Amino acid sequence: MERLKIATVWFGGCSGCHMSFLDLDEFLLDLAARVDVVYSPVVDCKDYPEGVAVCLIEGAICNEDHLALLHRIRARTRVLIAFGDCAVTANVPALRNHLGSGNAAAVLQCAYLDHAQDRPRLPAEAGIVPVLLDRVRPVHEVVYVEHFLPGCPPPADRIKALLTQLLHGLTPHLEGPPLTFG
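Okay, so the sequence shown: first residue is 112 according to my numbering, each after it adds one.
So this is what it looks like as structure tokens:
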């Protein structure tokens, strides 16, 4: 039986979704017996490979590097999953969108000049800070996404349910009680 190639990606977010993925505990051993993780923040791989079956994408699309990699991922992956609220809605990274059009310059001004404690200046050399997009975007605004796994972060049991269904060749169907507070 051919092993499924899976990937995880971390764009603009806090890595909480990846931490929740690690909370799969013993299921990670079952998963390791059936898949090859070919790209991830926890795998030393510099280029996104061809022929990936499933990719869990954490985080919002905040800069040109994210945008370029996301297009490469879409072209090389059969099933994309917006993994967590930042990928699904742009969530916290999108707070800078409220600064208005052209907000990338305002963000840099705030971070590197207004609140600098030592030698305020904008990074001038290419490659120091990726070029920011003027608007932070959720993944589905940039490329087609097959499945959405909301949550901040999504709980491990939801991640397990989604992956189990995909491993069995099923179209994921995630239902559950609404979130309640109190």
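Beta carbons: idealized from backbone N, C-alpha and C, even for Gly.
All values reported here derive from a predicted model rather than from experimental measurement.
{"Query": "Beta-carbon within less than 6 Å of Gln228's beta-carbon, same chain only, minus the 5 sequence neighbours each way: which residues are those?", "Result": "none"}
{"Query": "Quick one: residues in its chain with C-beta nearer than 7 Å to the C-beta of Tyr223, no 5 flanking neighbours on either side, listed in chain order?", "Result": "Pro231, Arg232, Leu233, Pro234"}
{"Query": "How would you call Ala118, buried or exposed, if buried means at least 16 neighbouring beta carbons within 10 angstroms?", "Result": "buried"}
{"Query": "Can you tell me which residues form a DSSP beta bridge with Tyr150?", "Result": "Ala118"}
{"Query": "For the alpha helix (DSSP H) holding Val199, just list the boundary residues, first then last.", "Result": "196-200"}
{"Query": "Considering only residues of the same chain and omitting the five flanking positions on each side of Arg145, which have a CB-CB separation below 7 Å?", "Result": "Arg114, Leu115, Leu278"}
{"Query": "Under 7 Å Cβ to Cβ from Val242, same chain only, skipping five residues before and after it: list those, please.", "Result": "Asn174, Glu175"}
{"Query": "Taking the straight line between their C-alpha atoms, what separation do you get for Arg248 and Ile172?", "Result": "5 Å"}
{"Query": "For the candidate residues Glu169, Leu181, His226, whose alpha-carbon lies nearest to that of Thr200?", "Result": "Glu169"}
{"Query": "According to the Cβ coordinates, are Ala198 and Val250 closer than 8 Å?", "Result": "yes"}
{"Query": "According to DSSP, is Asp284 helix, strand or coil?", "Result": "Note that residue 284 corresponds to His in the displayed sequence, not to Asp. In this structure, His284 counts as coil in the three-state DSSP scheme."}
{"Query": "Spatial neighbours of Cys156 within its chain, please: C-beta separation below 8 Å, excluding the five flanking residues on both sides.", "Result": "Val149, Tyr150"}
{"Query": "Can you tell me whether DSSP reads Cys128 as helix, strand or coil?", "Result": "helix"}
{"Query": "For His279, name the three-state secondary structure that DSSP assigns.", "Result": "coil"}
{"Query": "Measuring only from the beta carbon, is Pro264 closer than 7 Å to any heavy atom that is part of the ligand COA?", "Result": "For the structure depicted, the ligand COA is absent and the ligand set is empty, with no information on it obtainable."}
{"Query": "Among Leu285, Cys263, Ala272, Ala193, which one has its Cα closest to the Cα of Phe138?", "Result": "Ala272"}
{"Query": "The alpha helix (DSSP H) spanning His177 covers which residue range?", "Result": "175-187"}
{"Query": "Compare the Cα-Cα distances from Ile184 to each of Arg246, Val254, Thr275, Gly195 and report the closest residue.", "Result": "Val254"}
{"Query": "Three-state secondary structure (DSSP) at Leu290?", "Result": "Reliability of the predicted coordinates at Leu290 is poor, the pLDDT of 42 falling under 50, and no value is obtained from them."}
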